[in-house]
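First up is the structure itself, then whatever we jot down about it.
Protein chains: 2
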Amino acid sequence: MNSPPNNSHSVPADIPAATASRLGLYLRELQHLQRGGLTTVKSNILGARLGLSDSQIRRDLALFGEFGKRGVGYDISGLVAALRRALGTDGQWNTILVGLGNLGSALVRYRGFSQQGFQLLAVFEMDGSKVGSMVESIPVLSIDGIEEFVIQNQVQLAILAVPANEAQAVAARLAKIGISGILNFAPVSLSNVAGVPTVNVDLAIELQRLAFAVVNTAKTS
Amino acid sequence: MNSPPNNSHSVPADIPAATASRLGLYLRELQHLQRGGLTTVKSNILGARLGLSDSQIRRDLALFGEFGKRGVGYDISGLVAALRRALGTDGQWNTILVGLGNLGSALVRYRGFSQQGFQLLAVFEMDGSKVGSMVESIPVLSIDGIEEFVIQNQVQLAILAVPANEAQAVAARLAKIGISGILNFAPVSLSNVAGVPTVNVDLAIELQRLAFAVVNTAKTS
DNA sequence: GCCTGTGAAATCTTTCACAGCG
DNA sequence: CGCTGTGAAAGATTTCACAGGC
Chain S
5 MNSPPNNSHS VPADIPAATA SRLGLYLREL QHLQRGGLTT VKSNILGARL GLSDSQIRRD
65 LALFGEFGKR GVGYDISGLV AALRRALGTD GQWNTILVGL GNLGSALVRY RGFSQQGFQL
125 LAVFEMDGSK VGSMVESIPV LSIDGIEEFV IQNQVQLAIL AVPANEAQAV AARLAKIGIS
185 GILNFAPVSL SNVAGVPTVN VDLAIELQRL AFAVVNTAKT S
Chain F
5 MNSPPNNSHS VPADIPAATA SRLGLYLREL QHLQRGGLTT VKSNILGARL GLSDSQIRRD
65 LALFGEFGKR GVGYDISGLV AALRRALGTD GQWNTILVGL GNLGSALVRY RGFSQQGFQL
125 LAVFEMDGSK VGSMVESIPV LSIDGIEEFV IQNQVQLAIL AVPANEAQAV AARLAKIGIS
185 GILNFAPVSL SNVAGVPTVN VDLAIELQRL AFAVVNTAKT S
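Line order of the protein sequences matches chains S and F. Each number in our numbering comes from the position in the first sequence (counting from 1) with 4 added on. Each number in our numbering comes from the position in the second sequence (counting from 1) with 4 added on.
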């Protein structure tokens with residue numbers, strides 16, 4: 005009655021949130037297998053490597069529904085392309101980094117971003133002493149001009165690596181000029197950024213998560 | 005028939021995984037409110053700040069079931085103590101960092117860890133040129149002696165900030181001598197660490213998650 | 001009167017189990 | 001025969017809605 009247009013190579017209409025949270029993991033592992041020279045992988049193998057059940061792998065990958073062959077497994081290169089399309093990382097994202105402290109300095113040198121299509125165009129700093137220099141061939145600019153830069157360069161994503169007490173103000177400035185997304189490393193909940201998708205990474209919270217997992221693992225032997 | 009002992013101040017018997025994943029967030033926000041001078045908070049306020057529904061907040065906090073007062077809200081300091089106990093961060097965790105590259109250097113300087121009870125005892129490096137120095141009053145040691153150090157100092161947690169191709173080997177060495185938990189920043193799925201609780205943080209995956217959120221937010225206006 | 005705590009309903013996610021294609 | 005794709009069951013999580021204590 006209502007078969008969708010179903011163009012080949014289209015992104016599945018709606019990806020459940022739980023599945024979406026695993027797409028990056030699938031992509032990373034599949035690219036790893038690909039570098040190892042494999043061209044197909046079975047759900048039980050992939051599941052074992054990622055710590056997921058084989059049926060969960062099949063459920064997730066069946067959404068893309070054209071890469072599995074019964075008796076054989078999944079076509080890796082087709083899946084890699086489909087996952088990148090679904091994640092939105094098959095193109096380039098214009099990205100800036102705000103904050104060149106300890107964490108910001110590490111992030112600007114991180115290779116993994118550009119490999120996945122995130123192009124770092126500039127770093128913004130409050131501390132005038134660093135402004136004007138280059139880090140890893142990326143210009144360090146004053147925060148004063150951030151709005152103009154974002155608009156002129158069609159920047160879509162901002163990575164916030166500023167102190168907790170500055171994060172809110174920076175996020176608000178970026179939200180105001182219509183940034184598309186924020187990756188926030190500051191240990192605060194951002195408010196007043198309604199409508200701007202935000203992903204939060206708090207290093208201390210991750211360590212707490214680990215402590216919890218340790219305490220709640222009174223495994224036999 | 006089977007009322008549990010229910011010592012006051014005990015940790016709830018079993019905390020659902022979904023709730024557990026939010027405890028760190030609750031703790032951070034409650035400590036923030038506490039520093040602001042508040043002593044109580046209502047579920048709708050806390051929910052608005054964290055982007056969660058008020059009923060979800062109540063469901064979660066009712067597990068600790070002694071800090072809410074009808075008509076008033078939740079007692080912040082009591083909850084903070086209960087959350088720290090539940091997370092296992094009411095004591096000290098002996099922690100080491102492995103890898104002093106870009107990310108490792110940032111992590112060793114990060115203040116948030118010790119504030120939450122994670123004491124960094126040493127940093128381990130493969131690169132001999134850094135071995136023997138101190139970073140932020142923490143000794144930089146050779147990876148060769150990591151097993152002996154972990155055992156002698158009763159190290160429970162290890163933070164891995166080594167290159168992807170070295171992570172597996174380091175994790176295996178640590179698992180072998182019975183480390184309690186691993187926080188892995190290397191962009192690989194660790195295997196052969198069966199039984200050791202592991203939390204993975206992959207910065208590129210977080211940025212992909214953001215890209216996905218942006219692409220799948222075709223909000224009206 | 002206000003806001004928590006919680007049954008019950010609704011929704012979402014995972015697992016089971018097996019038909020069926022390659 | 002081996003492995004995917006998927007109905008159906010089981011399980012987990014969230015939301016609704018309101019009784020009831022402060």
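Heads up, the beta-carbon is just placed ideally off N, CA and C, and yes, glycines get one too.
For Pro-143(S), the closest C-alpha among the options Gly-103(S), Ile-19(S), Arg-213(S) is that of Gly-103(S). Boundaries of the beta strand (DSSP E) around Gln-123(S): 122–129. Beta bridge pairing from DSSP links Pro-143(F) with Met-138(F). Within chain F, no residue has its beta carbon less than 7 Å from that of Asn-48(S); the closest one is some 14 Å off.
Look at Leu-178(F): its C-beta is not under 9 Å from any C-beta on chain S. Among the residues of chain S, those whose CB is under 7 Å from the CB of Ser-193(F) are Glu-33, Arg-53, Leu-54, following chain order. Listed along the chain, the chain F residues whose CB falls inside 9 Å of the CB of Asp-206(S) are Gly-28, Leu-29, Arg-32, Gly-116. Shortest Cα-Cα distance from Ser-193(F) to any of Ala-86(F), Tyr-78(F), Ala-171(F), Gly-55(F) involves Ala-171(F).
Chain S places no beta carbon closer than 9 Å to that of Gly-41(F), leaving this residue out of the contacts. Scanning chain F for C-beta atoms nearer than 9 Å to the C-beta of Glu-129(S) yields nothing, as the closest lies near 16 Å away. Proximity of the segment 36–46 of chain F to the segment 80–87 of chain F meets the contact definition, three or more beta-carbon pairs being nearer than 8 Å. Collapsing the DSSP output to three states places Asp-148(S) in a helix. Taking Glu-151(F) as the centre and dropping the five residues before and after it, the same chain places the C-beta of Arg-177, Ile-181 closer than 7 Å to its C-beta, in chain order. If you draw a straight line from the Cα of Val-205(S) to the Cα of Lys-73(F), it is about 32 Å long. By the Cβ criterion, the segment 20–33 of chain F is in contact with the segment 83–102 of chain F, since at least three pairs of Cβ atoms, one from each stretch, lie closer than 8 Å.
Any Cβ of chain F closer than 9 Å to the Cβ of Gln-119(S) would place that residue at the interface, and such an atom is present. Secondary structure of Ala-198(S) (DSSP, three-state): coil.
Of the residues assessed, Arg-213(F) falls on the buried side of the cut-off, its CB having 16 or more other CB atoms within 10 angstroms. Ile-80(F): member of the alpha helix (DSSP H) spanning 80–91, first to last residue. Within chain S, the residues whose beta carbon sits less than 9 Å from that of Ser-109(F) are Asn-106, Ser-109, Ala-110, listed in sequence order. Between Glu-140(F) and Val-112(F), the beta carbon gap of about 6 Å places them in contact (Cβ cut-off 8 Å). Rounded to whole angstroms, the separation of the alpha carbons of Asn-48(S) and Pro-167(F) is 27 Å. Only residues of its own chain outside the window of five on either side were considered, and among them Val-144 have a CB closer than 8 Å to the CB of Met-138(S), listed in chain order. Relative to Ser-118(S), the option among Asn-220(S), Ala-165(S), Thr-23(S), Trp-97(S) whose CA is nearest is Trp-97(S). Listed along chain S is no residue with a C-beta nearer than 7 Å to that of Leu-125(F); the closest approach is about 14 Å.
The closest CA to that of Leu-125(S), considering only Ala-162(S), Val-135(S), Gly-105(S), Ala-175(S), is found on Ala-162(S). In the displayed model, Ile-19(S) falls within coil according to three-state DSSP, outside both helix and strand. DSSP places Val-203(S) within a strand segment (E or B) once states are collapsed to three.
In this model, Val-159(F) and Leu-56(S) are separated by some 29 Å (Cα to Cα). With fewer than 16 neighbouring CB atoms inside 10 Å of its own CB, Thr-221(S) falls in the exposed class. In this structure, DSSP gives Val-154(S) a helical state, which the three-state scheme calls helix. Ala-162(S) carries a strand assignment under DSSP once its states are collapsed to helix, strand and coil. At a cut-off of 9 Å between C-beta atoms, Ile-142(S) does not count as an interface residue with respect to chain F.
Nearest in C-alpha terms to Phe-122(S), of all of Gln-120(F), Ala-215(F), Val-219(F), is Ala-215(F).
Non-local C-beta neighbours of Val-197(F) in its own chain, meaning closer than 6 Å and more than five positions away in sequence, comprise Ala-175, Ala-179, ordered along the chain. Contact of Pro-20(F) with chain S is not assigned, every C-beta pair being separated by 9 Å or more.
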